[in-house]
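Structure first, then comments.
Number of protein chains: 2
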Amino acid sequence: MKQFFYPSSVAILGVSPRPGNMGRNILANLENIGFPGEIFLVSPKGGELGGRPIYSSVAELPQTPDLAVVLTPAATVPGLVEDCGQKGVKRMVIETGGFRELADDRRSLENQIVEASRKYGMRFIGPNCIGVICTESKLSVPFPLLDRPIRPGGLSILAQSGGIGLTYLHGCSENKVGVAKFCSMGNKLNVNERDLLAYLVDDPQTEAILLYLESIVDGRALYDLIRSTSKPVVVHKSNIGATSHAIASSHTAALANDDAVVDAALKQAGAIRAHTVHECMQIVKGLSLPKPKGRRLAIISRSGGHAVVSADAAFRHDMVLPPFPEEYLAPIQEATRASVIHLQNPLDLGDLFHFELYVDIVKNALAQEDFDAVVMVHGYRGPEVEVSRQFVAKVGELCKQAGKPVALVLLVDPEEMIEAAKLSSIPLFPFAEEGILALSCSQKAGGIPVTDRLGCAEGFDQDMAQRLLASAGPDGWLDLPEALHLLNAARIPVAPFVTALDAEDAVHAAETLGYPVVLKAVGGAELLHKTEAGGVVLGLEDAEAVRAAAQKMMDRLKPQRLVVMQQIGGGQELIMGIKRDPGFGPVVLLGLGGVTAEALGDVSLRLAPVDDNEAGQMMDELKGAALLKGFRGRPPVSRAALLEAVMRLAILADRMPAIAELDVNPLLAGPGGVMAVDARVRVAGDLPKPGH
Amino acid sequence: MKQFFYPSSVAILGVSPRPGNMGRNILANLENIGFPGEIFLVSPKGGELGGRPIYSSVAELPQTPDLAVVLTPAATVPGLVEDCGQKGVKRMVIETGGFRELADDRRSLENQIVEASRKYGMRFIGPNCIGVICTESKLSVPFPLLDRPIRPGGLSILAQSGGIGLTYLHGCSENKVGVAKFCSMGNKLNVNERDLLAYLVDDPQTEAILLYLESIVDGRALYDLIRSTSKPVVVHKSNIGATSHAIASSHTAALANDDAVVDAALKQAGAIRAHTVHECMQIVKGLSLPKPKGRRLAIISRSGGHAVVSADAAFRHDMVLPPFPEEYLAPIQEATRASVIHLQNPLDLGDLFHFELYVDIVKNALAQEDFDAVVMVHGYRGPEVEVSRQFVAKVGELCKQAGKPVALVLLVDPEEMIEAAKLSSIPLFPFAEEGILALSCSQKAGGIPVTDRLGCAEGFDQDMAQRLLASAGPDGWLDLPEALHLLNAARIPVAPFVTALDAEDAVHAAETLGYPVVLKAVGGAELLHKTEAGGVVLGLEDAEAVRAAAQKMMDRLKPQRLVVMQQIGGGQELIMGIKRDPGFGPVVLLGLGGVTAEALGDVSLRLAPVDDNEAGQMMDELKGAALLKGFRGRPPVSRAALLEAVMRLAILADRMPAIAELDVNPLLAGPGGVMAVDARVRVAGDLPKPGH
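Here it is as structure tokens:
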């Protein structure tokens, strides 16, 4: 990937002196940023532009460029890729649009490009993108003219949409957020977010990463990369509704993802998810400040109302406001004339107009060990402008000196905001809420260490699991005994059960298990909804009852087998399951069971496998988690046993890709442990062979 | 209230030539806005200022001013109020701070002000506020210098905090939102939001209202006012967390409200609740546009990415995107050169650079009957600036001509945003998400017609209810039979029951009711948690069982009475209740019952009384509402019976203010109706006297 960002020569294919030609903007961007390498221009009609020759073909170029940038009509692109391949070009940025995002019949054009690139071992970005920027190598090849300098810095931006990418790029420049690398990925035919993210994770210039995605091609790889890095990663994943999907597909050929899985995966990986452009801009502003080491804010405001609003924001974003120490407040108290302020956190400066003191107020707040970050809300007009601008300029320095963040909120008109931004070395926030959101996200951002998620793999009987999965019928479903045995193979506790072939067999099983027992008919897909079909009978108290029920079941349903199971009393009903996401792979699910909880949809998802912490978060983030922890005098369920069951299920999901879906419903949980009493398993794709 | 906004003369108390005197700003603001009436200055030291005499006392004024504005130290304020009273002044704006918001011992100062004002029949706004503005009468008395003209228009702003009030006032001017009236209310000792809102609801200049509140004094009156008007009302209610409460109390002496009740009341009244300053500004921008008649948006974007983000926003804000008609798209299709766009809604203009056509695209979209509003997302730079500015200027006109809103989103740098705003007659939005939020809120805003909420009062036996409430014990609790009879008095169905005094009595009762029955011990507060104490026995199937259980209960618990109740089988468990909010009065609650639903806290609130629609919304907004509507093959509960029970409970809450709290738990609901099987009622305050 590095070669995309650090080429020593660039060829622009599609530059011409014709009015309206956009290839010229690429040249202008390269010249404006001061690209130090060679630039070659190519266009069939030849000629010259600004003193540079235009070569009429790639073949004619005097040397092989490190990077070829293409902005020619879609139909010409496959030929140009072929030409570049023959010339020995290894990296291309194809900015041309008009491929699958326009119509399905353009896929053949795309296929030709992919084939040509394969033939020559080339990598390319796009098509349908606006290209690449690197502030270190001074490379800038987007086709829109970038009329403002890009501020160099530590944020790298990957965007599936050129328009949104530019919005973030410009927003960074306007907001004092320096940029390391930028890439608009378009249709992602060859290079995708995984390739680029892998590069940025290792790129020493990149300190934080912003990803704008409309679809996620290989969610699992993305997840692994985000999880692996300690660099903060902000993900603005759009395309969440059906209409969004239609437009996204016509714009960057994006497919829809299951948003609940995306959400869970990003949370699990330690990414920050932004939901709107405005929110995302605030978050990247926060990331450009020093990272808060904790949640403790000192809020200082010139307006009491904005102090209240700030405290609300701290409450919403899970930040805390410790009191200011006496020695911090003393000089402020002394300086206030009419003492119309009540000294607390948030600190309302009220009628304290000694602007010189403001610098000390911020400096001293940064020096306090009790605080991890400072929010300074300052509004000024008229005669206060000059001294306030000096203050604004100073705050950035204080922030850097202290290595602690200050969210500097300026309540000023837009014109003054522009002037203040020129003087400030740190981002400015329009309101306290935006600053506090930014600090909160920055504080939470960063990789989550991967602990040993495989501890619970111990004892997992993979051979047995494979044999059981191989027993699936043509419809993919396992019979109940095999489904339960599969849980046993993963060492997930299952209520004791025995398989029986007839009524006498069932009675014998019941005598062994002890009463009361449950009887379930086993017979393939048509009996999956056993309760409705009369295929489940509960509360059989003695041999006679078992015999009668079993006989009736055999007569009516003609099942292949019967399951006789110990009836487990009490316990909290939970559901636990596996599903397989096309992009993110195996996902485990935990939820409250019973019809009420299911109607409320109270479930938590994580990618498998999961460690102790992740399983614990799944349990804790259930809306009804209180039910598991001793609600209304009930005994709490065994946390250890529940987490172990979730971890073991996740191992099963991870090791056995043939499982398309699995439901344990219910899993009964009590103080002594958990126990599965029913399960459904569907196998898909190539069935595993027993013994490999 | 009108006299506060339309005085023909104003006295400013506390103006002096001393450097740093803030009273002079009040004078400057009045002069800048062009106040046409007389202005008098008062300060103990006398003198003159800018050619005006400074009177040394109120008594010396040559005439009685219509309005006196005070900005002097807190200790002097009671005396000045007395002076004004003697002079015959009827309206004061007390801007001075330093009262209860600073320390509790300042309450006596406040009391003196209140007493003096009462004595002379004066009304006053404040203290601790920044005053009043009226663009029609050209009155402007805030003490901060307002260095920009205020745009006249239809939005009136009431703010408890001066700082937030100014932020909204300036924000309106910057965003093309015209203002009718402004008032910062401060500590609300005399005039509060209810008084001002009542005035604004009738004020012909006021078309929409923005309320910023940190506390709500008389929530019920506020609710009634918002509900009564068809003018859109946006409420930014802050002060939601414990820390916020501490700072709000020291800043505008605000008490905390129960935020769940505030939320329910605002929703019920048809108000729009804003949660942040940024969000609130977007909403008022939306209100300054024509109101969308429905939810159908036409989204037009120059960037595909912004189109995707727009579609996400439409999805989140419950707006719909119908397809564009063929005849609308035909000219656009013709004009696109390379046809790199796929014509759908959102419409991605792709490489369509005919800016002249943009005007027609917007105009024709506004003309379509299929759309209620247009979102136009336009980004431009460099050579496109001139033609884009013409377009921006034109869109406002189109919007007014069509009487339909356009959310004009400009993706430009901040400098250009300022220039474009000068040319635009309508608000500009920074991103599509903000524009769509604004349109969505505007569409939903406006009063909700009050239907007949008292239909369910028919048959309510108020005398009986009063007698029952009078039977409460010294702790305020009713015994179970009286609680159940109270429900009967409100004609809420209760499971058939009989009160018994001993075991034989209980058996006789059970024989009359029919088996199975439930037995409950009745004996005052110590038996309220009957289940834990063994005071409830279920499933008694015959006389013998009843006799044994009753005898055991009598021996063990020595209850005063027993309740024998028919045991009702099946049905969905619900909870229903009354609570009384100090500000909003009687509140009814409906929730799913059973331990799972209770742990999940799935409840809905409304102020009592409620009509059919409101009761229906309570049912429908439960997260587990599906359970009531035929989930997994269960029969749906009787909607009519459930809504009637809620409405009847709300009548009870409304008519019987002595009820401090009431819980029906559970209320069993099935296809045939609903039935209360247990109830708790607590009476507080003066007990009602039977017979009136």
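Line by line, the protein sequences give chains A and B.
Quick note on the UniProt record's numbering: the first sequence kicks off at 1 and runs consecutively.
Quick note on the UniProt record's numbering: the second sequence kicks off at 1 and runs consecutively.
From the three backbone atoms N, C-alpha and C, an ideal C-beta is built for every residue, glycine too.
Any C-beta of chain A under 8 Å from that of residue i
i                 : result
PHE148 of chain B : A small correction: the amino acid at residue 148 of chain B is Arg; Phe does not occupy that position in the sequence shown. Yes, because at least one Cβ of chain A sits closer than 8 Å to the Cβ of ARG148 of chain B.
SER303 of chain B : yes
PHE371 of chain B : no
ILE12 of chain B  : no
MET619 of chain B : no
GLN466 of chain B : no
VAL340 of chain B : Interpretation of VAL340 of chain B is limited by its pLDDT of 45, a score under 50 that renders its predicted location unreliable; no figure is taken from the coordinates.
ALA525 of chain B : For ALA525 of chain B, the predicted model reports a pLDDT of 46, less than 50, meaning its position is unreliable and no value from the coordinates is stated.
LEU71 of chain B  : no
GLY163 of chain B : yes
LYS138 of chain B : no
SER244 of chain B : yes
LEU519 of chain B : no
PRO142 of chain B : no
Terminal residues of the alpha helix (DSSP H) in which residue i lies
i                      : result
LEU108 of chain A      : This sequence places Ser at residue 108 of chain A; Leu is not what is there. 107 to 119 is the span of the alpha helix (DSSP H), which, as asked, contains SER108 of chain A.
PHE315 of chain A      : 304 to 316
MET656 of chain A      : Here MET656 of chain A belongs to no alpha helix (DSSP H), and DSSP marks it neither H nor E.
GLU482 of chain B      : 480 to 489
residue 702 of chain A : Outside the displayed range of chain A (1 to 692) lies residue 702 of chain A, so it cannot be described from this structure.
ARG194 of chain A      : 193 to 202
CYS84 of chain B       : 77 to 87
C-beta atoms of residue i and residue j nearer than 8 Å
i                 : j                 : result
CYS280 of chain B : HIS236 of chain B : yes
SER108 of chain A : ASP83 of chain A  : no
LEU668 of chain A : ILE568 of chain A : yes
VAL610 of chain B : GLY591 of chain B : no
LEU80 of chain B  : LEU30 of chain B  : no
PRO65 of chain A  : VAL141 of chain A : no
PHE429 of chain A : LEU408 of chain A : yes
GLN560 of chain A : GLY523 of chain A : yes
LEU649 of chain B : MET565 of chain B : no
SER440 of chain B : VAL308 of chain A : no
LEU540 of chain A : PRO516 of chain A : yes
Contact with chain B by residue i, beta-carbon distance below 8 Å
i                      : result
PRO19 of chain A       : no
PRO127 of chain A      : no
residue 717 of chain A : The requested residue 717 of chain A is not part of the displayed model; chain A covers only 1 to 692.
HIS306 of chain A      : yes
PHE497 of chain A      : no
LEU486 of chain A      : no
VAL309 of chain A      : yes
ARG381 of chain A      : yes
Boundaries of the beta strand (DSSP E) in which residue i is found, first to last residue
i                 : result
SER184 of chain B : 179 to 184
LYS237 of chain A : 233 to 237
Taking Cβ-Cβ distances below 7 Å as the criterion, which residues of the stretch 568 to 600 of chain B are in contact with chain A? LEU592, GLY594, VAL595, THR596, ALA597, ALA599, LEU600
Short of 7 Å Cβ to Cβ, which residues in the stretch 262 to 293 of chain A face chain B? THR276, VAL277, HIS278
Taking only runs of the beta strand (DSSP E) that begin and end inside the stretch 313 to 385 of chain A, which ones reach a length of at least 3 residues, in chain order? 373 to 379
Could you name the residues of the stretch 167 to 198 of chain B whose beta carbon sits closer than 8 Å to any beta carbon of chain A, in the order they occur along the chain? THR167, HIS170, GLU174
Please list the residues of the stretch 418 to 434 of chain B that have a C-beta atom closer than 9 Å to any C-beta atom in chain A, keeping them in chain order. ILE418, ALA421, PRO430, PHE431, ALA432, GLU433, GLU434
Chain A contacts from the stretch 385 to 419 of chain B (Cβ-Cβ distance under 8 Å): LEU411, ASP413, PRO414, GLU415, MET417, ILE418
Please go through the stretch 424 to 464 of chain A and give each complete alpha helix (DSSP H) segment of 4 or more residues, from N-terminal end onward. 432 to 444
Along the stretch 620 to 642 of chain B, where does the CB come closer than 7 Å to a CB of chain A? Name the residues. LYS623, GLY624, ALA626, LEU627, PHE631, ARG632
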